[in-house]
Every structure is written in structure tokens, then in C-alpha cells.
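Asks: Numbering (the numbering used here), first residue to last: 855 to 1644.
1. According to DSSP, residue 965 sits in a beta bridge with which residue or residues?
2. Give the DSSP-derived three-state secondary structure of residue 1388 in the structure shown.
3. Check whether the Cβ of residue 1143 lies closer than 6 Å to any heavy atom of the ligand MN, and answer yes or no.
4. Report the residue from 1126, 1076, 1074, 1161 whose alpha carbon sits nearest the alpha carbon of residue 807.
5. Between the alpha carbons of residue 901 and residue 1224, how many angstroms are there, rounded?
6. Measuring straight from C-alpha to C-alpha, what distance separates residue 920 and residue 865?
7. Between the beta-carbon of residue 1216 and the beta-carbon of residue 1111, is there less than 7 Å?
8. Identify the continuous alpha helix (DSSP H) that holds residue 1090 and give its terminal residues.
9. Using 8 Å for Cβ pairs, my map puts residue 1329 next to residue 1409. What's the rounded Cβ distance?
10. Would you list, in sequence order, the uninterrupted alpha helix (DSSP H) runs of no fewer than 4 residues that lie entirely inside the segment 1239-1321?
11. Can you find the residues in the same chain that come closer than 6 Å, C-beta to C-beta, to residue 1622, ignoring five residues on each side of it along the sequence?
12. Apply the 10 Å Cβ neighbour rule to residue 1583 and answer buried if 16 or more other Cβ atoms are within range, or exposed otherwise.
13. Would residue 1059 be called buried (16 or more neighbouring beta carbons within 10 Å of its own) or exposed?
14. Using only the alpha-carbon positions, how far apart do residue 1248 and residue 1300 sit?
15. Could you check what DSSP says for residue 1445 in three-state terms: helix, strand or coil?
16. Taking only the alpha-carbon atoms, compute the straight-line gap between residue 936 and residue 929 and give it to the nearest angstrom.
17. Which residue or residues does DSSP assign as beta-bridge partners of residue 1590?
18. So what's residue 1620 in DSSP terms, helix, strand or just coil?
19. Secondary structure at residue 1083, three-state DSSP: helix, strand or coil?
20. Under 7 Å Cβ to Cβ from residue 1473, same chain only, skipping five residues before and after it: list those, please.
21. Can you tell me whether DSSP reads residue 895 as helix, strand or coil?
22. Assign residue 1006 to one of two classes, buried (16 or more other C-beta atoms within 10 Å of its C-beta) or exposed (fewer than that).
23. What residue range is occupied by the uninterrupted beta strand (DSSP E) comprising residue 1339?
24. Taking the straight line between their C-alpha atoms, what separation do you get for residue 1324 and residue 1159?
25. Can you check which of these residues, 951, 1037, 1522, is closest to residue 1046 by C-alpha distance?
26. Per DSSP, residue 1203 is paired with what?
27. If residue 1645 and residue 871 are in contact, beta carbons under 8 Å, what's the gap, nearest whole angstrom?
28. For residue 1498, name the three-state secondary structure that DSSP assigns.
29. With a CB to CB cut of under 7 Å and the five nearest residues on each side skipped, what residues in its chain are close to residue 867?
30. Quick check on residue 1614: does DSSP put it in helix, strand or coil?
31. Alpha carbon to alpha carbon, what distance is there between residue 1092 and residue 1098?
32. Under three-state DSSP, which class holds residue 1636?
33. Give the single residue among 1530, 1174, 1202, 880 whose Cα lies nearest to the Cα of residue 1608.
34. Less than 8 Å between the CB atoms is what I'm expecting for residue 1310 and residue 1152, so what's the real figure, rounded?
35. For residue 1196, which of helix, strand or coil comes out of DSSP?
36. Touch check for the segment 1420-1435 and the segment 1380-1387: three-plus C-beta pairs under 8 Å?
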């Protein structure tokens, strides 16, 4: 996932590690700024500024948890952070050149972590412990750090053994209970060597009797309130040289650089420095500069180290120590090859070598060089193709896994010929000979040898043999054509198979199992068989025929056949069967579906076939007005048909009724023009139609009033409240009826509302009114007859 982040570079290998650099991160007291867990990838965190990490006891500016192969270089992890750098259960990491000063708890903290290097860091002004190694942390190198102004400078604690504390400057650690270098709680076999302990409350303290076997020598103690304290059984010299104590009150009468009397160490252990460094004269150590090789270069054989050794009063002895080896090796001159045995005993990876020189006064100078040991040959694994694979006209590609920490060059030869160099990387690589080269090779076997070397000169190789055979068997499908349709009967395939060395023939159906059958070179009839055909699903099926020869060449041919045994489907969406239609020809909404639709037609009452064009999906089919007009009144059976290209026929029947006769309404009573007073009239009507659907009336052309009626005599009442709402005078009542075919009929009748007069002597109007009413009835009858004729 790290490779997807825009602020992370690299690929996680030793030669191209992940790199996080140049970032400013403010954790805002919510945890660690950078945390890496459960990683064995190679990475580098370099040149970042990280602040305000806290929120938990182990949170830090940089926090590693179960991590190896990391390099934390030149980062500013100083105030304000809870912890500058924290490692838990993390091994083989480098912490170099970081500033972890002024944090609130620890500067650098290692827990349960082994074989780490803490080099050239600045850890000042920590109110607790500047550098703490605890919780069973072993074989760590703490070298060349500046540790000033803290409560405790360097702390080794909690079953942490075999750690190497070298060349650190530890000064002014005077905060309450301050100690420059502090060891306690069952810590064994740690080495404190060539450190400068100046102006501390206590220079070195080994507290409690459980910490034994630690070696403290060749350190410089100056102006400490108490130089050293030891409650255990520990060694303050290496039986040759001890430490420099500025409060030593003895003498060096023989000028061998060793005090003539012992130096007593305060504490319960009653320990002594048997060889205190004391020189009444020259006390400047020789200067050592390693000129070749530079740090972190790779070597397979013991490297030759070249250096410059200088002292004003001349060099007495030069020697080196391969860290982790049993003893020193002395040498003369400015160049020395590292001892073969000591080199062989080192594991591949980082190897630290410390060079020493002393002068005639016993002053010792030192310099560390770190190199990478690499004795492993590059590895080439041919993932594909397998040895002996046969290829035809296409040039083969070779899938190779190439692995080496320091991969330099890759090349290959064909049949021991010229070297062909190409660029690769450590990991999976695809190597192609190229089509031009492959075409130039003869038929037969060819040996491809792949080579890879690293920057040290180690060479690995891998051989693979491939065979070139470019003649394929030929298969020709004579019949049927691809895409042919078949119904219930299985197809047979007429094939021409040709090859001089024909070996096997088989076919697959839709990429399924291989079905082997015997053929000969020439014409062959191949049948799938009825049982197999019956088991196949409807639709398209891919039949692939194969033939190989004795050289392994495979020829193939593909044909597609379609199985269609399903009848076409017709669904009448509308109208429903039994629907009634009037004078307008009905339209039929049909859903038609089939994969291989061919023809569509319909019949009316089993008559002639009427063909029309349709498509799979929704279709609107009309009989046509001319055809509809020609049909008699009553029920008609419409049968729709469709077939597919294989001959399957589907059909659907719908019955429609033709009804063009209008409903009939007769007003039995009252007669038109009848007078009514305060009591509302009732209307006696005869209503008749075979498919009567709705009935309604209007008063003076007003709102439609729907009422339920049946075919026959019906009594229709306006209702008293409606009658009361009408004005005096004439009112037209129009009755309507329609049928399910949409035929509509109406008839109107006039009635007069005449309320009784409240005074005597009415105008003799009655005779004239009766005359008008009679004329209106005659007019309505004439209008109705004219409608019926139309």
C-alpha cells in the first residue's frame, strides 16, 4: 500500500527502499507522527520535522513496531514530542543523525528490540531519560551520540544484554538523580567503551546486584560529582586498560599510560579499575581517517580497508576489531585486508569494523566503518515456460524471477552464441527473444541460458530448452455453417482434418470437458449425439475442435450452432378476450418474443392468413377499418401466429365482439310539456341494450347525474331538493345511455314547474301551454327518427 502514497517513494527493496522525506507533520497530541508496524521492507525516514506526538505512553514522533530494515536519518524529532523515536520489537534498524532533544519523556527508546544501531544522534535536555534500552533489548550499538543536560543520559534496563555503548559524549546530566550512563535490573555483558562522561551528577552507575558481567573501559570521566558506582560484579577494565578518571590520585611513574595504583569504584560491589588510564604527558589520541571504502558499500570477499593514521608523537600500534568477533587484529601500514576467518563468521548484511591506533603515550584513537556483506549469487528462476516446451511461429516469452540485493547486469545466450544484454529489475521479468530472432532459428531444440551478476561480481545462471515446431494440424468445417440453427435433432459436423503426424482429436462444447474421438487425416463425420444435444440449454453453443500432432502442435477450429426448441410466444396485452367494439376497428397490443423470429400472421374466424411485419417486443396490430366494417355484428375469433427460423410455431387467440347498435331510451311518462307544482316528478323510462354500460341525465344542459339502471323499465327521480332548487318555468331533462362498445344515445323532455297562485284570478294561460307542449313532443319524435336513420 505504501507505493500508492504520493509522499512515499521507492519500492521497498534494499537498493530502492521506500523513502519518506522532507515532511512537516504536526500530530496535534493525537498519537504518533509516523508509525510503521509489521514490516520487513527496506525503508528510510529522512529529513522530516515531526512535532506534538502524544496521547499515549508509547506514542512518539517516529514509532516502529515489529519492524526490520529501517533507516531513521537526519530527522528533527525534538520538542514538543512525548517521545522522539520509539522502537518496539524491532530489529536491524539504523537510527542516525536525528535531533531528539527537549522531549517530555524519552529522546530515543528501544523495547524488546535487537541488533539496532543508534549513531550520531543529538539527545539533549530531556527531563527523564535521553536514550533508554530496556525490556530484553540485546546486541544494540549506541555510538557517537551527544547526550547532554538530561536526568539520565543512556539507560540500559530490564534484562537487556550484550549492548555496545561506544564513543558517546555524555555531559551535564544533572537533573535530580541524574546519571550519565545507567545500568540496572539484570542487564548482563554490556560494553561501555570510549565514552566521554563530563560534568554529570554520576558518570556511570550500575545499580542493584543483579547486573553482572558488564565491561566498562577506555572511557573518560571528567568533573562528575561522582565518577562511578557499581553494586554488582562488573569489570572496569579489560585486563589491559581501564578508564580515565580525573579524580584519580595515583601516579604513572613508568609512563606506560596506566596508573600505578587501583581506582576504587563506589558501591556495594567493591569493584576496582585495575588499569586506570593516567598519563602525566601526552593525552591526545591518534587521528584515524578511513579513505576507502566508503560506508555501506557492498563486498563479497574480505574488504581491503585503507586509512590515514596520524599522531603528533607518532603511531605506536594499529589494530581493528570486527564487532562481534572474539579478539582484535593488529596490522601495520595504511592498508589491511580484513581477516578471512572473521569475515566468514559474519552474516550477510551490515558489518561494523572499528579501527584503533595508539601512540607511545597510550592514547587510543578509533574510527568505525560499516560495510555490507553480500556473498549470495543472483538467483534466476524460470517460472515459465517449462523445460522442453514446444513453440510454433510465435516467439516465446520467458517469465523469470530474478533476485539479488545488488543486481547489476542481465544477459542471455541462444545455443551458446552471442551475449544479449537487456535491462531487468529484481522481481518478475518477462524476457522475449524477439520475433525476428525466433524466425531465424531452425526447427528443433534450442538452449537458452540466462545470466545475472551483481555489483560485486557474483554470477547466477539458469538454462531452459525450448523446441521450435511451426507446422500445425489443419481442421476445416465443411458443414454446417457457423451460426446455423437446429431444433430437437442433433447436428452432425463434416470436417476435413489434415496433418502428417496426426496424434489426437477432441472437441469441447462451450469450453467444457474434452471429448476425444478417433479420426483420420481426411473427411470425418463428427456427431454430438442425441443425448448430449438434449442436455444442452437453449441458445448459442460453441463447438471447438482440436487436433494435435506428435510434436505437440495443436490446431483448432471453432463453429457456433444455435439450439432453439422453444415455441415463439405471443401475449395479448390488450384488448382482453371478449371485449366489445363499436364502429372503430380495434387495435391489438401484442408482446412477441423469440430469438429467431421469422414470420407473423393472423386469421379472422379461421379465414385467410394475413401476414404482417413484426419484431420481438411490443407490436400494435390493426385489422383495418375496411375489414372491420365488413364483419357482421357479434363475436369474432382473431388467431395470431408466429414462427421462427427452425419452424417452431406459437399462437394466441382473442375473441372480440362487434356492436354498432345504439342503446334505446323511451320516456313512458310524463309527456313532454307536463306541468308540476311543488312535488318533484318521477320519470318512467324503458332502457334497452345488450351491452348497457352507463346511464346519466342533465337538467338544462348542466352537470351529469349518473344513476344505476338496467335494461327494461326504470323509474328516475330528480329528488325533492333538486326540484325545489329549480325556478318556475320550462326545464329540459336530457337522458343518456352508452354501451361497452362506446355507442351513445340520448333523449330530452321538457317539463314545466308551475307553483299554485296565492291570489285569485289567474291569467287563462293553460290552453296555450298545452298547445306548445304538444308541438314539442312532435318535434322530438321527428328528431329521434332522423338519428336512427343515420
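Note that beta-carbon positions come from the ideal geometry of N, C-alpha and C, so glycine has one too.
No experiment lies behind these values; they were computed from the predicted model shown.
Replies: Once the coordinates are examined:
1. To locate residue 965, count along the chain shown from 1; it is residue 111. According to DSSP, residue 965 bridges with 942, 988.
2. As a first step, residue 1388 must be located in the chain shown, where it is residue number 534. Reduced to three states, the DSSP call for residue 1388 is helix.
3. For the ligand MN, the structure offers nothing, since it holds no ligand at all.
4. Because the chain is modelled from 855 through 1644, residue 807 falls outside the range shown and cannot be assessed.
5. Here residue 901 refers to the residue found at position 47 when the chain shown is read from its first residue. Here residue 1224 refers to the residue found at position 370 when the chain shown is read from its first residue. About 21 Å.
6. To locate residue 920, count along the chain shown from 1; it is residue 66. To locate residue 865, count along the chain shown from 1; it is residue 11. Those two C-alpha atoms are separated by around 20 Å.
7. The residue labelled residue 1216 in the question sits at position 362 within the chain shown. The residue labelled residue 1111 in the question sits at position 257 within the chain shown. Yes, the Cβ-Cβ distance between residue 1216 and residue 1111 is below 7 Å.
8. One-based indexing of the chain shown puts residue 1090 at position 236. Where residue 1090 is concerned, there is no enclosing alpha helix (DSSP H), given that its DSSP letter is neither H nor E.
9. On the chain shown, position 475 is the one that residue 1329 refers to. On the chain shown, position 555 is the one that residue 1409 refers to. Their Cβ separation, rounded to whole angstroms, is 6 Å, which keeps residue 1329 and residue 1409 in contact under 8 Å.
10. 1289-1294
11. The residue given as residue 1622 occupies position 768 in the chain shown. Any reading at residue 1622 needs caution, since the residue's pLDDT is 41, under 50, leaving its predicted position unreliable; the model's value is listed next. Excluding sequence neighbours, residue 1622 sits near nothing in its chain.
12. One-based indexing of the chain shown puts residue 1583 at position 729. It is exposed - the Cβ of residue 1583 has fewer than 16 other Cβ atoms within 10 Å.
13. What you label residue 1059 is simply residue 205 of the chain shown in a count that begins at 1. With 16 or more other CB atoms across the displayed protein chains lying within 10 angstroms of its CB, residue 1059 is buried.
14. Against the chain shown, residue 1248 aligns to sequence position 394. Against the chain shown, residue 1300 aligns to sequence position 446. Looking at the two C-alpha atoms, the distance is approximately 15 Å.
15. Position 591 of the chain shown holds residue 1445. DSSP places residue 1445 in strand when its eight states are reduced to three.
16. For the purposes of this step, residue 936 is taken as residue 82 along the chain shown, with counting starting at 1. For the purposes of this step, residue 929 is taken as residue 75 along the chain shown, with counting starting at 1. Their backbone Cα atoms lie some 16 Å apart in a straight line.
17. By one-based count along the chain shown, residue 1590 stands at place 736. Residue 1590 pairs with 1550, 1600.
18. Here residue 1620 is taken as the residue at index 766 of the chain shown, counted from 1. Residue placement at residue 1620 is poorly supported in this model, since its pLDDT is 41, which falls under 50; the coordinates still yield a value, given next. Helix at residue 1620.
19. Taking the chain shown and counting its residues from 1, the one referred to as residue 1083 is at position 229. Strand, per DSSP.
20. As a working mapping, residue 1473 is identified with position 619 in the chain shown. If we look at residue 1473 and ignore the five residues flanking it on each side, its Cβ neighbours are 1444, 1446.
21. Walking along the chain shown from the start, residue 895 turns up at place 41. Note: residue 895 maps to coil in three-state DSSP.
22. Along the chain shown, one-based indexing puts residue 1006 at 152. With 16 or more Cβ atoms within 10 Å of its Cβ, residue 1006 is classed as buried.
23. By one-based count along the chain shown, residue 1339 stands at place 485. It spans 1338-1340 - the beta strand (DSSP E) in which residue 1339 sits, taken as one unbroken run.
24. Translated into positions along the chain shown, residue 1324 becomes position 470. Translated into positions along the chain shown, residue 1159 becomes position 305. Rounded to the nearest angstrom, the two C-alpha atoms are 59 Å apart.
25. On the chain shown, position 192 is the one that residue 1046 refers to. By alpha-carbon distance to residue 1046, the top candidate from 951, 1037, 1522 is 1037.
26. Walking along the chain shown from the start, residue 1203 turns up at place 349. Its beta-bridge partners are 1227.
27. Nothing can be reported for residue 1645, as the shown portion of the chain is limited to 855 through 1644.
28. Against the chain shown, residue 1498 aligns to sequence position 644. Residue 1498: strand per DSSP, three-state reduction.
29. Residue numbering aside, residue 867 sits at position 13 when the chain shown is read from its first letter. These residues qualify, in order along the chain: 896, 1280.
30. Position 760 of the chain shown, counted from the first residue, corresponds to residue 1614. Legend: pLDDT at residue 1614 = 47, less than 50; position of this residue unreliable, value from coordinates given subsequently. Coil at residue 1614, not helix or strand.
31. On the chain shown, residue 1098 is found 244 positions in, with the first residue counted as 1. On the chain shown, residue 1092 is found 238 positions in, with the first residue counted as 1. Looking at the two C-alpha atoms, the distance is approximately 13 Å.
32. Here the question's residue 1636 lines up with position 782 in the chain shown. Low confidence applies here, because residue 1636 scores a pLDDT of 44, under 50, leaving its location unreliable; read the following figure in that light. Residue 1636 falls in the helix class under three-state DSSP.
33. Working through the chain shown from its first residue, we reach residue 1608 at position 754. Selected option, being the one with the closest Cα: 1530.
34. One-based indexing of the chain shown puts residue 1310 at position 456. One-based indexing of the chain shown puts residue 1152 at position 298. Rounded, the Cβ-Cβ distance is 6 Å, consistent with contact.
35. One-based indexing of the chain shown puts residue 1196 at position 342. Residue state, collapsed to three classes: helix.
36. no
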